[in-house]
Structures are given as C-alpha cells and as structure tokens.
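*Asks:* Numbering (this note's numbering), first residue to last: 1439 to 1525. Quick reminder that beta carbons are idealized off the backbone N, C-alpha and C, glycines included. One structure follows; several queries about it will come next.
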Amino acid sequence: MNIYIGNLPYSTSDEELAEMFSPHGEVSSAKIIMDRMSGRSKGFGFVEMSDSAAGQAAIDALDGQDMGGRALKVNEARPREERPQRN
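Following this line, the structure appears as structure tokens:
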C-alpha cells in the first residue's frame, strides 16, 4: 500500500518518516519529496507498506497527528497524474 503524508515539517528525513510508520507494520520504503532547484523538502512524502491492513492502521493512527507543530495529512496515495511537459 502506498501512503501519502502531507504537511510534514521541512526538516523531516526519510529515516524519521520510516520510524513513524514502523510501529504499525513493515515499511518497504519511505521517501520525502525534494525540490529539484533548492534541494529542500517540499513538505510531503510517501511511505510504502507491505501489508494493506497495516497501511490502513497507520493512516487511521497518524492522520491529524501533530509533528513539529503541524497536523499531518495521511491518506492512501492516488496514482500519479500525467502532466504536460514544460518548456
């Protein structure tokens, strides 16, 4: 199950994201999305969990939780939409 996590503090690392989800089940991968130009976090990321039930438990437990003074937005990730190429 692929999970979207939004409203993350900009200082959050991939490792911290994985640690946050690991009590709920096995984390296959955790990735903070970075801005290409600045190299800074965009404030959101994705976690891949091997089990759907564990993923849903993590969503239920972590959605709305406070992290660094910010309320997390956690839900199942939607498929990426194709966007037109920029010039």
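The ligand PLP and SER1460: does any heavy atom of the ligand fall closer than 7 Å to the residue's C-beta?
*Replies:* You won't find the ligand PLP in this model; it holds no ligand whatsoever.
*Asks:* Distance, Cα to Cα, MET1487 vs PHE1459?
*Replies:* The alpha-carbon atoms of MET1487 and PHE1459 are separated by roughly 9 Å.
*Asks:* What does DSSP give as the partner residues of LYS1480 in its beta bridges?
*Replies:* For LYS1480, which the question treats as bridged, DSSP gives no partner whatsoever.
*Asks:* Which value, in whole angstroms, describes the spacing of the CA atoms of ARG1521 and GLY1463?
*Replies:* 33 Å
*Asks:* Contact between the segment 1481 to 1500 and the segment 1439 to 1451 is defined here as three or more beta-carbon pairs at a separation below 8 Å; is this criterion met?
*Replies:* yes
*Asks:* Taking the Cβ atom as the reference point for each residue, do ILE1443 and GLY1493 lie within a distance shorter than 8 Å?
*Replies:* no
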